[in-house]
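Participant: Protein chains in written order, with this note's numbering: chain H, 32 to 282; chain C, 32 to 282.
No residue lacks a Cβ here, since even glycine has one placed at the ideal position from N, Cα and C.
Just so you know, these numbers come straight off a predicted model, no measurement behind them.
(1) Quick one: does residue 58 of chain H have its CB under 8 angstroms from some CB of chain C?
(2) What does the alpha-carbon distance come out to for the pair residue 109 of chain C and residue 194 of chain C?
(3) What residue ranges within the region 106 to 178 of chain C form continuous alpha helix (DSSP H) runs of no fewer than 4 residues, ordered along the chain?
(4) Short of 7 angstroms in beta carbon distance, which residues of its chain neighbour residue 38 of chain C, apart from the five on each side in sequence? Order them along the chain.
(5) So is residue 176 of chain H buried or exposed if we call it buried at 16+ other beta carbons inside 10 Å?
(6) Does the Cβ of residue 183 of chain H have 16 or more other Cβ atoms within 10 Å, making it buried, or fewer, making it exposed?
(7) With burial defined as no fewer than 16 other Cβ atoms inside 10 Å of the residue's Cβ, what is the status of residue 99 of chain C: buried or exposed?
(8) Would you please verify whether the beta carbon of residue 276 of chain C is less than 8 angstroms from any beta carbon of chain H?
(9) With C-beta atoms as the reference, is residue 191 of chain C less than 8 angstroms away from residue 55 of chain C?
(10) Going by beta carbon distance, what residues of the same chain come within less than 8 angstroms of residue 126 of chain H, once the five residues before and after it are set aside?
(11) Would you kindly work out how many angstroms separate the C-alpha atoms of residue 88 of chain H and residue 58 of chain H, rounded to a whole number?
(12) Just to confirm, is the Cβ distance from residue 221 of chain C to residue 145 of chain C under 8 angstroms?
(13) From residue 133 of chain C to residue 46 of chain H, what does the alpha carbon distance come to, in whole angstroms?
(14) Determine the burial state of residue 92 of chain C: buried for a count of at least 16 other Cβ atoms within 10 Å of its Cβ, exposed for fewer.
(15) If you draw a straight line from the alpha carbon of residue 118 of chain C to that of residue 188 of chain C, how long is it in whole angstroms?
(16) Once DSSP output is grouped into helix, strand and coil, what is the label at residue 230 of chain C?
(17) Compare the beta carbon distance of residue 256 of chain C and residue 161 of chain H with 8 angstroms and say whether it is the shorter of the two.
(18) Just to check, is the beta-carbon of residue 225 of chain C closer than 7 angstroms to a non-hydrogen atom of the ligand SAM?
(19) Once DSSP output is grouped into helix, strand and coil, what is the label at residue 87 of chain C?
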């Protein structure tokens, strides 16, 4: 899967990440998380490391290429690259969980994010989904690219653990899921038994949500997080995280 | 409370915000949220608006000063100022809630953040605390300044609703609270009855947490969010938000 320097540079752009089928994860922390995830997810073992001289003796089971500091600076997104960057195959992330067990031992649930825009929000959501385990993350067309360096960084390695699918059209959900839940201002409380019984959880764009008409077409069941009424909305990642917490809450 | 232009410019710096006892909230959305909060919190009514000509007829009960576009650009933190900025007295935010009722009708609880650094995290936390109501936010010395423009923006107006106290030393907590909870890797689950019975909830710095020795001195009771073990930690704001959710969860 080795790429030449010109190709590696191009991975800053979404178009080429998807054309080459891989993305970069910068820094030692992410490289360590990648190795850890690869223990349980063999497809991740085709990942490769590009390192500067400083890291040439870094112990790894992955294939390692030594490059110059200048080359590292050219392929990295950060101002001060850490001297180690992993090249990760996207296909490896579409398969099952990197962790063999989940927090609750329950069936896998899908989190569908419709046109999510903020890389920090997506990274935080992935971190929470990996924390609990047993979640799959589906992204609609027009969402931020999960292989964007900002998302990868904010995920703190969670991106290697959560199965991810991109460009999943909203209309296909009803064919693949039996009970779709959505979050709304009005609806049953998250603590209702019906919430746990859904198999797909749908969340809208940060500013616009999901159009009501489309929710109705999908037969999505509305749930709400009751509040004091002081402010109009919660942060999107906050809402997803509270839902993930509720689904993993042990009574 | 009017300040001259030089003084307004200085409010970009924490030192002057605390010296003058006020901070700026930029943009129409925050101005509207401020007006809404002032309905229930009369001390906020001494806030003033600085507006460009475009906004000179903006309907408000607050005192309004018209300034030039150039002056607006000088006092604002954002690249493209929106033409309206509110000057808000800090003292008004240390008092009770701007909202007359809470989600659950329960007693007020304190959220203590120890050396929190990230403005986005603090803004998100305030948004959640305002959403539920009945929370007070205490910040340790060395925390990010809550009147920092980035926090104010990320709070989406929640900063006007949640009573805030800054520079609260960790050591003073045991004198003021009966039962202090902290989040840890080991501990009872958040869903345990004992969690709801605490009156102060303590959260550590994003990277370092709170030193164990200090937690022991305070007699803080540890609680945990059980996970799959795939990743090492959750985002700080995520943890606080899940706790706030649990405290307001209706069984």
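Facilitator: On the basis of the coordinates in this document:
(1) Here residue 58 of chain H corresponds to residue number 27 of the first chain, with the count starting at 1. With 8 angstroms as the cut-off, residue 58 of chain H does not count as an interface residue toward chain C.
(2) Numbered from 1 along the second chain, position 78 holds the residue referred to as residue 109 of chain C. Numbered from 1 along the second chain, position 163 holds the residue referred to as residue 194 of chain C. Residue 109 of chain C and residue 194 of chain C have their C-alpha atoms some 26 angstroms from each other.
(3) Runs of the alpha helix (DSSP H) inside the region 106 to 178 of chain C: 150 to 163.
(4) Taking the first residue of the second chain as position 1, residue 38 of chain C is located at position 7. Result list for residue 38 of chain C: 51, in chain order.
(5) By 1-based counting over the first chain, the position of residue 176 of chain H is 145. Burial call: buried.
(6) Mapped onto the first chain, residue 183 of chain H falls at position 152. Of the other Cβ atoms in all chains shown, 16 or more fall within 10 Å of the Cβ of residue 183 of chain H; this residue is therefore buried.
(7) Here residue 99 of chain C is taken as the residue at index 68 of the second chain, counted from 1. Its Cβ having fewer than 16 others within 10 Å, residue 99 of chain C is exposed.
(8) Along the second chain, read from residue 1 onward, the residue named residue 276 of chain C stands at position 245. Judged by the 8 angstroms Cβ criterion, residue 276 of chain C is in contact with chain H.
(9) What you label residue 191 of chain C is simply residue 160 of the second chain in a count that begins at 1. What you label residue 55 of chain C is simply residue 24 of the second chain in a count that begins at 1. Cβ atoms of residue 191 of chain C and residue 55 of chain C: not closer than 8 angstroms.
(10) Position 95 of the first chain, counted from the start, is the residue given in the question as residue 126 of chain H. Closer than 8 angstroms at Cβ, skipping near neighbours: 72, 74 and 194.
(11) Locating residue 88 of chain H in the first chain gives position 57, where the first residue counts as 1. Locating residue 58 of chain H in the first chain gives position 27, where the first residue counts as 1. Going from the Cα of residue 88 of chain H to the Cα of residue 58 of chain H covers about 15 angstroms.
(12) Taking the first residue of the second chain as 1, we reach residue 221 of chain C at position 190. Taking the first residue of the second chain as 1, we reach residue 145 of chain C at position 114. For residue 221 of chain C and residue 145 of chain C, no; Cβs fall outside 8 angstroms.
(13) Here residue 133 of chain C is taken as the residue at index 102 of the second chain, counted from 1. Here residue 46 of chain H is taken as the residue at index 15 of the first chain, counted from 1. Its pLDDT being 48, under 50, residue 133 of chain C is placed unreliably in this model, and the value from its coordinates should be taken loosely. Between residue 133 of chain C and residue 46 of chain H, the C-alpha separation is close to 48 angstroms.
(14) Within the second chain, numbered from 1, the residue matching residue 92 of chain C stands at position 61. Burial call: exposed.
(15) For the purposes of this step, residue 118 of chain C is identified with residue 87 of the second chain, where counting begins at 1. For the purposes of this step, residue 188 of chain C is identified with residue 157 of the second chain, where counting begins at 1. Whole-angstrom Cα-Cα distance: 13 angstroms.
(16) Working through the second chain from its first residue, we reach residue 230 of chain C at position 199. It is coil, neither helix nor strand.
(17) Taking the second chain and counting its residues from 1, the one referred to as residue 256 of chain C is at position 225. Taking the first chain and counting its residues from 1, the one referred to as residue 161 of chain H is at position 130. No, the pair does not count as a contact, with Cβ atoms beyond the cut-off.
(18) What this structure holds is no ligand at all, so the ligand SAM is not there to describe.
(19) Your numbering for residue 87 of chain C matches position 56 in the second chain. Look at residue 87 of chain C here: in three-state DSSP terms it is coil, with no helix or strand label.
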